[in-house]
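Just so you know, the sequence shown maps onto residues 163 to 286 in the numbering used here.
All residues carry an ideal CB built from backbone N, CA and C; glycine is no exception.
Down below is the structure, laid out as structure tokens.
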Amino acid sequence: MQKKAKSRGIAVNGQGGYERHILLCTGLRQSGDTCCPAEEGAKTWKYLGKRLKQLTQDGHNIYRTEVECLMFCRGGPLAVVYPEGTWYCHVTAEVCERIIQEHLLEGKPVEEFMFARNPFLKDL
């Protein structure tokens, strides 16, 4: 398990690893409920992957995870950026680019689309 984590750039010893982790809810819930059109979630997911691949080539290390549901079920696609725990709504490809430029790269949350903050505790 640690070997696979290391191959994906996930630090197994608390040292290094990813700069940030963005989870994107694409609205594809098994129950059939959706918070956004499936096409919009899929478009944003594809765009995020393309951009993060470009950023990796520029030396950035940002991890993305597609999630089925973030249990908010409105205003999607939704995204959460960690370690800050910043929640975003209406994350279209265009909004995603702003999150990439302003938050992921510059560390400044995009207030216009942010609706909650739930940061990780620094010391457990």
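By the Cβ criterion, the region 273-284 is not in contact with the region 214-233, since fewer than three pairs of Cβ atoms, one from each stretch, lie closer than 8 Å. According to the DSSP assignment, residue 209 belongs to the alpha helix (DSSP H) that extends over 200-219.
With fewer than 16 other Cβ atoms from the protein chains shown falling within 10 Å of its own Cβ, residue 245 counts as exposed. Under the three-state reduction of DSSP output, residue 222 falls in the coil class, being neither helix nor strand. Between residue 210 and residue 186, the beta carbon gap of about 6 Å places them in contact (Cβ cut-off 8 Å). Around residue 281, the same chain offers 246 and 247 as residues with beta carbons nearer than 6 Å, after the five sequence neighbours per side are excluded. For residue 198, same chain residues with a beta-carbon under 6 Å away, outside a window of 5 residues either side, are 189, 238 and 239 in chain order. For residue 202, same chain residues with a beta-carbon under 7 Å away, outside a window of 5 residues either side, are 239 and 254 in chain order.
Annotation for residue 260: the continuous alpha helix (DSSP H) segment containing it runs 255-260.
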